[in-house]
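Accompanying notes for the structure given below.
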Ligand code: DQA
């Protein structure tokens with residue numbers, strides 16, 4: 004059975020209460036449960052990790068290196084973390100960068116990703132659906 008590791012970065016633990024006009028009303032737990040159900044229907048399993056700390060995200064990526072794929076919403080770190088970029092480049096697992104919001108329709112500082120060049124692909128702008136699309140991309 005394929006294993007997909009889902010890693011969320013800073014402030015994603017506040018989903019449901021955090022700027023709902025941008026990120027919707029669903030909590031991270033609800034989004035994760037729905038994704039786990041979807042993975043099971045596709046014959047796969049998900050493991051979930053969230054942290055607000057850059058180093059913990061680096062460690063989580065290193066530990067996910069043997070998985071069949073990684074779905075990563077590094078949140079604000081996307082735009083400036085060399086350490087997370089290097090961790091993605093260091094592991095064999097394909098990583099899909101996801102964002103719930105369309106970062107290109109927002110402030111200019113969100114238009115640049117340090118991570119995208121070392122990711123398998125990028126999905127942005129579909130709310131919780133961004134995770135589902137990434138799951139299907141990795142399992143397809
Ligand atoms: C985000 C977009 C980032 O720019 C922002 O810092 C986040 C969430 C998204 O999912 O849309 O925290 O990654």
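Residue numbers (my numbering): 4 to 143.
Note that CB positions come from ideal geometry on N, CA and C, so glycine has one too.
Please identify the residue among the options whose C-alpha is closest to the C-alpha of residue i.
i           : options             : result
residue 11  : 123, 121 and 76     : 76
residue 8   : 108, 128, 94 and 89 : 94
residue 51  : 142, 143 and 134    : 134
residue 142 : 16, 84, 127 and 123 : 123
residue 98  : 106, 107, 82 and 71 : 71
residue 130 : 20, 92 and 28       : 28
Grab the span of the alpha helix (DSSP H) containing residue i for me, first residue to last.
i          : result
residue 93 : 85 to 93
Determine the direct distance from the alpha carbon of residue j to that of residue i, and round the result to whole angstroms.
i           : j           : result
residue 43  : residue 139 : 12 Å
residue 47  : residue 6   : 6 Å
residue 13  : residue 31  : 12 Å
residue 132 : residue 59  : 25 Å
residue 57  : residue 114 : 20 Å
Count the other CB atoms within 10 Å of the CB of residue i; is the residue buried (16 or more) or exposed (fewer)?
i           : result
residue 88  : buried
residue 68  : exposed
residue 90  : buried
residue 65  : exposed
residue 108 : exposed
residue 15  : buried
Would you kindly report the start and end of the unbroken beta strand (DSSP E) that includes residue i?
i          : result
residue 6  : 5 to 11
residue 48 : 47 to 53
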